[in-house]
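Add 4 to the 1-based position in the sequence shown for our numbering, that's all there is to it. Even glycine gets a Cβ: it sits at the ideal position worked out from N, Cα and C.
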Amino acid sequence: QVQLVESGGGLVQAGGSLRLSCAASGDTFCISAMGWYHQAPGKERELVAAITSDGSTNYADSVKGRFTISRDNANTLYLQMNGLKPEDTAVYYCAADTSTGRGPARYWGQGTQVIVSR
5 QVQLVESGGG
15 LVQAGGSLRL
25 SCAASGDTFC
35 ISAMGWYHQA
45 PGKERELVAA
55 ITSDGSTNYA
65 DSVKGRFTIS
75 RDNANTLYLQ
85 MNGLKPEDTA
95 VYYCAADTST
105 GRGPARYWGQ
115 GTQVIVSR
């Protein structure tokens, strides 16, 4: 089991910045990859950025050059968001993928709201 707790969301003006954090606890040694997803009202949850255990990253085209995902040795995941746009408004979720003898699993945090005003 992995527990994820996000923080850092809030209200920001367009062009501003926010940094989201996600603290992982529990069986963190099983984590193979982590990522940030967002879900806007009436839309499906979609990938924003992901990072593997070897540090490889990938980003949604809409955030390339503006957002940076990183992870420290204390099992905390970050998402630095610069140049925020109103269309970035969504609930942001942290996710952790694990692989054990019981098979793969994905764990989710509770989400943190990001609102970008014009």
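Coarse secondary structure for residue i, derived from DSSP in three states
{"i": "residue 32", "result": "helix"}
{"i": "residue 37", "result": "strand"}
{"i": "residue 11", "result": "strand"}
{"i": "residue 121", "result": "strand"}
Cβ shell of residue i (< 6 Å), same chain only, five flanking positions each side left out
{"i": "residue 29", "result": "7"}
{"i": "residue 88", "result": "16, 20 and 120"}
Which residues DSSP lists as bridging residue i, in chain order
{"i": "residue 104", "result": "107"}
{"i": "residue 116", "result": "96"}
{"i": "residue 27", "result": "9 and 80"}
Own chain, CB closer than 7 Å to residue i, minus 5 neighbours either side, in chain order
{"i": "residue 51", "result": "39, 41 and 64"}
Beta carbon proximity, residue i to chain D, threshold 7 Å
{"i": "residue 122", "result": "Here chain D cannot be found, since the structure has a single protein chain."}
The ligand ZN heavy atom lying under 6 Å from the CB of residue i
{"i": "residue 13", "result": "In terms of ligand content, the structure shown is empty, and the ligand ZN therefore cannot be addressed."}
* Asked: For the stretch 39 to 90, which segments carrying the beta strand (DSSP E) assignment without a break, of at least 3 residues, lie completely within its bounds, in sequence order?
  -> DSSP assignment within the stretch 39 to 90 yields the following whole beta strand (DSSP E) runs of 3 residues or more, N-terminal first: 50 to 56, 61 to 63, 71 to 75 and 80 to 85.
* Do the stretch 59 to 72 and the stretch 95 to 112 make contact, defined as three or more Cβ pairs closer than 8 Å? -> Contact fails: fewer than three Cβ-Cβ distances are below 8 Å.
* Does the stretch 32 to 40 touch the stretch 72 to 92, meaning 3 or more C-beta pairs lie closer than 8 Å? -> The count of Cβ pairs closer than 8 Å, one atom from the stretch 72 to 92 and one from the stretch 32 to 40, reaches three, so the stretches are in contact.
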